[in-house]
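Participant: Dropping the structure in here first, questions after.
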Amino acid sequence: MQAFWQSKSLTQLSPQEWDQLCDRCGKCCLQKLEDEQTGEIYYTDVACRYLNLDNCFCGVYKERLEKVDACVNLSPQDLKAIDWLPDTCAYKLRYYEQPLPAWHHLVSGSMQTIHQQKMSVAKRVVSEDNVGPDLEERIIHWVD
Ligand code: SF4
Ligand code: SF4
């Protein structure tokens, strides 16, 4: 029998299944810069102040949209238009009908695998509360 994420499209997922699909990589909670001329997006190692830097859970999940203007409530309809999600994002993978990677908790059975395989930002980034204003100095190239 196929798992729910294999047998259902994104639009068929229940709210609980939708939440379970998120790999908690934390990459989408990093501040980003956009090149005005090329439109290219650059990730920085500066995280939203509400991201738990050890396990990449959001500390204000239920109120996140009120607390952080830039925070996005992802939906299946958004996925084509949003160009800044990392290629590893589970929603993006499923939108393009790709399998989940072996380190995803729905495959490995453990929420720790993603951190052990260094596929999350856990322990690799800093809070926006602890850095200066020059984000260009904080651009990183290890988010894919
Ligand atoms: S509010 Fe939560 S989900 Fe939104 S960017 Fe911050 S840590 Fe991420
Ligand atoms: S990039 Fe995608 S899978 Fe990773 S935390 Fe953000 S929404 Fe979840």
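Following this note's numbering, the numbering of the sequence shown begins with -16 at its first residue and continues without gaps.
All C-beta atoms in this analysis are idealised placements derived from N, C-alpha and C, irrespective of residue type, glycine included.
Quick check: the Cα distance between ARG107 and HIS87, rounded to an integer number of angstroms?
Facilitator: Answer to the nearest angstrom: the Cα atoms are 19 Å apart.
Participant: Is LYS45 near ligand 1 - that is, is its Cβ less than 7 Å away from at least one heavy atom of it?
Facilitator: No; taking the cut-off as 7 Å, the Cβ of LYS45 has no heavy atom of ligand 1 nearer than that.
Participant: Less than 7 Å between the CB of GLY9 and some heavy atom of ligand 2, yes or no?
Facilitator: Yes, the Cβ of GLY9 comes within 7 Å of a heavy atom of ligand 2.
Participant: Give the DSSP-derived three-state secondary structure of GLN(-11) in the structure shown.
Facilitator: Three-state result, GLN(-11): helix.
Participant: Please work out which residues of its chain come closer than 7 Å, Cβ to Cβ, to LEU83, disregarding the five sequence neighbours upstream and downstream, and give them in chain order.
Facilitator: Excluding sequence neighbours, LEU83 sits near TRP(-12), ALA73, LEU76, LEU89 and VAL90.
Participant: For VAL126, which residues from the same chain have a beta carbon less than 8 Å from its beta carbon, with the 5 sequence-adjacent residues on both sides left out?
Facilitator: These residues qualify, in order along the chain: LYS10, LEU13, TYR26, PRO69 and VAL104.
Participant: Grouping DSSP H, G and I as helix and E and B as strand, with all else coil, what is ASP66?
Facilitator: Three-state result, ASP66: coil.
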